[in-house]
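Here's the structure, in structure tokens; my notes come after.
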Amino acid sequence: MSSPLQLGGMIGSHEMDPGGGADAKLLTLVLPPGLFDQIKQALAAVGVRRMVVTQVYRVDDGDNRVESYRGQRFETDVSAGLRVELLARTEDVGDLVHMIGGIGSNHQSSNIQIWMIDARRL
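Sequential numbering from 5 applies to the sequence shown in my numbering.
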């Protein structure tokens with residue numbers, strides 16, 4: 005059996021304890037691509053500099069749209085999105101979620117999903 009994962013590096017501008025004493029959460033967001041720049045700027049303003057961004061496709065039963073492809077029109081419930089993952093100190097997570105939720109509530113078509121897990125469980 006392998007040894008437990010030891011966290012190291014930075015959470016925002018705070019050094020993580022490589023001895024396993026880091027109290028961090030992995031925060032994951034799935035958001036519309038149009039909100040990414042605004043959320044990235046807001047996260048940078050509070051010291052979050054590193055994140056992983058992945059393009060994803062979201063299925064939402066309540067958000068059917070009509071799209072055109074090669075002259076054909078069809079209804080779909082699949083839309084493009086971005087998955088953003090970042091490490092945050094546990095005491096900062098509440099403020100980050102509130103800030104991100106505030107950005108999302110200012111846009112009528114925004115549908116941001118946010119979840120977190122304890123980074124030590126990875």
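Don't be surprised by glycine CBs; every beta carbon is placed ideally from N, CA and C.
The criterion of a C-beta distance shorter than 7 Å is satisfied by glycine 85 and valine 34. When DSSP states are grouped into helix, strand and coil, valine 52 belongs to the coil group. Here isoleucine 121 is not near valine 101, since their CB atoms are 7 Å or more apart. In the structure shown, glycine 106 falls within a helical segment according to DSSP collapsed to helix, strand and coil.
In the structure shown, the three-state DSSP call for isoleucine 121 is strand.
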